[in-house]
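A.B. asks:
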Amino acid sequence: MSDCLFCNIVGKKIPAKIVYEDEQVVAFDDIHPQAPVHTLVIPKKHMVAIQDCVESDQALLGHLLLACSKVVKVKGLSESGSRIVVNTGRDGGQTVFHVHLHVMGGRQMGWPPG
């Protein structure tokens with residue numbers, strides 16, 4: 826989608842600090858980090874929100890989690906731990922309507938979130 830911020834990052838029309846990339850996903854540092862490490866992992870395929878996913882998206886959704894695992898290692902969070910968050914819908918805190926997972930770490934995370 827030409828007006829989607831994340832699609833424009835995937836298409837290299839908007840610069841981003843890429844942390845990890847493969848044929849299905851791109852991971853880049855958040856420009857408004859909420860933790861010392863805050864990386865977004867997105868599918869290259871435009872998907873609006875988790876509730877819009879269908880059975881045929883199952884492998885890609887699993888791949889997103891595996892990519893998060895790689896980001897955790899690249900960012901040095903394997904020992905200390907991390908949090909992976911998916912905000913869905915306006916009330917869920919989603920501000921960019923392209924599925925994305927937040928990988929956060931580098932500090933103690935509070936509970937409950939939000």
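For the sequence shown, my numbering gives the first residue as 826, with consecutive numbering after it.
Quick reminder that beta carbons are idealized off the backbone N, C-alpha and C, glycines included.
Please read these numbers as outputs of a predicted model, since none were measured by experiment.
1. Spell out a yes or no on whether the segment 835 to 843 and the segment 876 to 891 are touching, meaning 3 or more CB-CB pairs, one atom from each, closer than 8 Å.
2. Is L890 closer than 8 Å to P868 when the C-beta atoms are compared?
3. For the putative contact between S907 and G930, defined by C-beta atoms under 8 Å, what is the C-beta separation to the nearest angstrom?
4. Can you name, in chain order, every residue of its own chain whose Cβ lies under 7 Å from the Cβ of H809, other than the five neighbours on each side?
5. Where does H888 fall in DSSP's three states?
C.D. replies: In terms of the structure at hand:
1. Not touching, per the Cβ criterion.
2. Counted from its first residue, the sequence shown places residue 868 at position 43. Counted from its first residue, the sequence shown places residue 890 at position 65. In this structure, L890 does not lie closer than 8 Å to P868 by Cβ.
3. Locating residue 907 in the sequence shown gives position 82, counting from the first residue. Locating residue 930 in the sequence shown gives position 105, counting from the first residue. G930 and S907 do touch by the CB rule: their CB atoms are close to 4 Å apart, below 8 Å.
4. With the chain covering 826 to 939 only, the question about residue 809 has no answer from this structure.
5. Locating residue 888 in the sequence shown gives position 63, where the first residue counts as 1. Here DSSP, grouped into helix, strand and coil, assigns H888 to helix.
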